[in-house]
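Chemist: Protein chains in written order, with the numbering used here: chain C, -12 to 186; chain Y, -12 to 186. For every residue, glycine included, the Cβ atom is placed at its ideal position computed from N, Cα and C. Computed from a prediction, not measured in an experiment: that's the story for all the values here. The structure under discussion is supplied below as structure tokens; questions concerning it will follow.
Number of protein chains: 2
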Amino acid sequence: MVTLYDYLPSGNGYKVRLLLSQLGVRFRLVEKDIMKGETRTPDFLAINPNGRIPVLELEDGRRLAESDAILFYLAEGTRFLPEERLARAEVLQWMFFEQYSHEPYIAVARFWTHYLGKAVDAEKTERGYQALDVMERHLGVRQFFVGERYTIADVALYAYTHVAHEGGFNLVAYPNVRAWLGRVASEPGHVAITRRQFG
Amino acid sequence: MVTLYDYLPSGNGYKVRLLLSQLGVRFRLVEKDIMKGETRTPDFLAINPNGRIPVLELEDGRRLAESDAILFYLAEGTRFLPEERLARAEVLQWMFFEQYSHEPYIAVARFWTHYLGKAVDAEKTERGYQALDVMERHLGVRQFFVGERYTIADVALYAYTHVAHEGGFNLVAYPNVRAWLGRVASEPGHVAITRRQFG
């Protein structure tokens, strides 16, 4: 059985848990509380020198970090990743967009607001809305991000978009994004982000 | 012939130019000067709604954004991307590390220092050194990032690491990183980042 090192409120971890659920893959969960510094201990740095969850550990002990790389690994050869070369790269395009232009604003705003109780600076909020603008336009003529079917690009973008309100983002002006969130949530095997560590 | 929309001092663009050179793929270059806002015009936003270079345009007009997604697209089926499933995902792991934990500090510090003449805040510098620490440790027992051969993971990480000094980073305490930079630079078909727009 594979092992997932994870922190349950993490959207990055949730991406992997959601896909594992939809693939029907059982896994052992090892929780690491980032609020208590458990991803910065010497033991955890031996697991991931970059000190971040999620980390997937295979049965043979080999490990993989970075949520979107884990999604790609798990999705290869399944219906969650297209076979066609350009479509595969488009999936990656949206996952890199998520990590560079979306997560640092939308996820970080949620972390500051919801977990630390701190104010989010205006520039972060503006950049977050810019990412939502890009998504809204793309979804104006599409049901899903790539190839008109649900892929790991949707999994990656869903994770923090569906809890964007926890970082103060209002999606009222984003009807296409809201409709897409509904489509993703109605996919077979969908599971909710885990809440029990929220306090 | 493929078209590359690019800004020559960009490390993200350089990744793609370097791989195209090493693959022996000829391309048409369309320069977009980010300092003059040329990636934020309506015309360019029609090419990439996220308003960033590089963008690869195929002969049939289809387009792909995000430097590391472009690398993956170009490298599929070549010696620059492993065939083995976990190794492919490890390449992606390092490319996501680059975009999330390295580029926002090391590339952004270079942009501020070298192009805008602004001071870099201490937190950005510290995070940049943390990324270099992770690389230094990983390279302590390896010649290249994945599978002991030169891959697009090395291309992605080389782009901004080899000009890190332009952002004020000193690599004297990073002998493994420096030796790896030398190995990458001696790969067949290596080309330098273009300087002519530096002024």
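Applying the 10 Å Cβ sphere with the 16-neighbour rule, what's the burial state of Y/HIS89?
Modeler: Position 102 of the second sequence holds residue 89 of chain Y. Under this definition Y/HIS89 is a buried residue.
Chemist: So, do the segment 147 to 163 of chain Y and the segment 148 to 167 of chain C have three or more beta carbon pairs nearer to each other than 8 Å?
Modeler: Contact fails: fewer than three Cβ-Cβ distances are below 8 Å.
Chemist: Out of C/ILE139, C/ARG170, C/TYR161 and C/GLY154, which one is the CA nearest neighbour of C/ALA56?
Modeler: If you number the first sequence from 1, residue 56 of chain C lands on position 69. It is C/ILE139.
Chemist: Name, please, each residue of chain Y whose Cβ falls closer than 9 Å to the Cβ of C/PRO41.
Modeler: To locate residue 41 of chain C, count along the first sequence from 1; it is residue 54. The premise fails here: C/PRO41 is roughly 11 Å from chain Y at the closest Cβ pair, so nothing lies under 9 Å.
Chemist: Measure the alpha-carbon distance for C/ALA179 versus C/LEU5 and round it to whole angstroms.
Modeler: Start at 1 with the first residue of the first sequence, and residue 179 of chain C comes out as number 192. Start at 1 with the first residue of the first sequence, and residue 5 of chain C comes out as number 18. Their backbone Cα atoms lie some 8 Å apart in a straight line.
Chemist: Please report the residue range of the beta strand (DSSP E) in which C/PHE14 lies.
Modeler: For the purposes of this step, residue 14 of chain C is taken as residue 27 along the first sequence, with counting starting at 1. Note, C/PHE14: beta strand (DSSP E), 14 to 18.
Chemist: Alpha carbon to alpha carbon, how far is Y/ALA62 from C/HIS177?
Modeler: As a position in the second sequence, residue 62 of chain Y is number 75, starting the count at 1. As a position in the first sequence, residue 177 of chain C is number 190, starting the count at 1. Those two C-alpha atoms are separated by around 33 Å.
Chemist: In terms of residues, what are the limits of the beta strand (DSSP E) holding C/VAL(-11)?
Modeler: Position 2 of the first sequence, counting from 1, holds the residue named residue -11 of chain C. Note, C/VAL(-11): beta strand (DSSP E), -11 to -7.
Chemist: Let me know if Y/LEU191 comes out buried or exposed under the rule of 16 or more other beta-carbons within 10 Å of its beta-carbon.
Modeler: No answer is possible for residue 191 of chain Y: the residues shown for chain Y start at -12 and end at 186.
Chemist: Quick check on the DSSP output: the alpha helix (DSSP H) that includes Y/VAL95 runs from which residue to which?
Modeler: Here residue 95 of chain Y refers to the residue found at position 108 when the second sequence is read from its first residue. Counting along the chain, the alpha helix (DSSP H) containing Y/VAL95 begins and ends at 90 to 97.
Chemist: Answer yes or no: do Y/ASP141 and Y/PHE131 have a C-beta to C-beta separation smaller than 9 Å?
Modeler: As a first step, residue 141 of chain Y is located in the second sequence; it is residue number 154 there, counting from the start. As a first step, residue 131 of chain Y is located in the second sequence; it is residue number 144 there, counting from the start. Contact flag set, yes.
Chemist: Compare the beta carbon distance of C/LYS105 and C/PRO91 with 9 Å and say whether it is the shorter of the two.
Modeler: Taking the first residue of the first sequence as 1, we reach residue 105 of chain C at position 118. Taking the first residue of the first sequence as 1, we reach residue 91 of chain C at position 104. Not in contact: C/LYS105 and C/PRO91 (Cβ atoms no closer than 9 Å).
Chemist: Under 9 Å, CB to CB, which of the residues in the segment 68 to 100 of chain Y have a partner in chain C?
Modeler: Cβ contacts with chain C come from ARG72, LEU73, ARG75, ALA76, GLU77, VAL78, LEU79, GLN80, TRP81, MET82, PHE83, PHE84, GLN86, TYR87, SER88, GLU90 and PRO91.
Chemist: Quick check on this structure: which residue in C/ASP108, C/GLN80, C/ASP(-7) and C/VAL(-11) has the alpha carbon closest to the alpha carbon of C/SER54?
Modeler: For this step, residue 54 of chain C is matched to residue 67 along the first sequence. Comparing Cα-Cα distances from C/SER54 to each of C/ASP108, C/GLN80, C/ASP(-7) and C/VAL(-11), the minimum goes to C/ASP(-7).
Chemist: Helix, strand or coil: which one does DSSP assign to C/ARG50?
Modeler: Translated into the one-based positions of the first sequence, residue 50 of chain C becomes position 63. C/ARG50 falls in the strand class under three-state DSSP.
Chemist: Just to check my reading of the structure: C/ALA74 and C/GLY0 have Cβ atoms closer than 8 Å, yes? What is that Cβ distance to the nearest angstrom?
Modeler: The count along the first sequence starts at 1 and reaches residue 74 of chain C at position 87. The count along the first sequence starts at 1 and reaches residue 0 of chain C at position 13. With a Cβ gap of about 26 Å, C/ALA74 and C/GLY0 do not count as contacting.
Chemist: Say whether chain A places a C-beta atom closer than 9 Å to the C-beta of Y/PHE131.
Modeler: Absence of chain A from the displayed structure is noted, the protein chains being C and Y.
Chemist: Taking the CB atoms as reference points, tell me whether C/PHE156 and C/GLY115 lie closer together than 9 Å.
Modeler: Looking up residue 156 of chain C in the first sequence gives position 169. Looking up residue 115 of chain C in the first sequence gives position 128. Yes, they are a contact pair.
Chemist: How long is the line joining the alpha carbons of C/ASN35 and Y/ILE34, rounded to whole angstroms?
Modeler: What you label residue 35 of chain C is simply residue 48 of the first sequence in a count that begins at 1. What you label residue 34 of chain Y is simply residue 47 of the second sequence in a count that begins at 1. Straight-line Cα distance between these residues: approximately 37 Å.
Chemist: Compute the Euclidean distance between the alpha carbons of Y/LEU10 and Y/VAL171, then round it to the nearest angstrom.
Modeler: If you number the second sequence from 1, residue 10 of chain Y lands on position 23. If you number the second sequence from 1, residue 171 of chain Y lands on position 184. Taking the straight line joining both Cα atoms gives about 15 Å.
Chemist: According to DSSP, what are the bridge partners of Y/LEU119?
Modeler: Working through the second sequence from its first residue, we reach residue 119 of chain Y at position 132. Paired residue(s): none; Y/LEU119 is not in a bridge.
Chemist: Whose C-beta lies closer than 7 Å to the C-beta of C/ALA118 among residues of the same chain, with five residues either side of it excluded?
Modeler: Position 131 of the first sequence holds residue 118 of chain C. Excluding sequence neighbours, C/ALA118 sits near SER88, HIS89, TYR92 and ILE93.
Chemist: Would you please verify whether the beta carbon of Y/GLU53 is less than 9 Å from any beta carbon of chain C?
Modeler: The residue you call residue 53 of chain Y lines up with position 66 of the second sequence. Yes, its Cβ sits closer than 9 Å to a Cβ of chain C.
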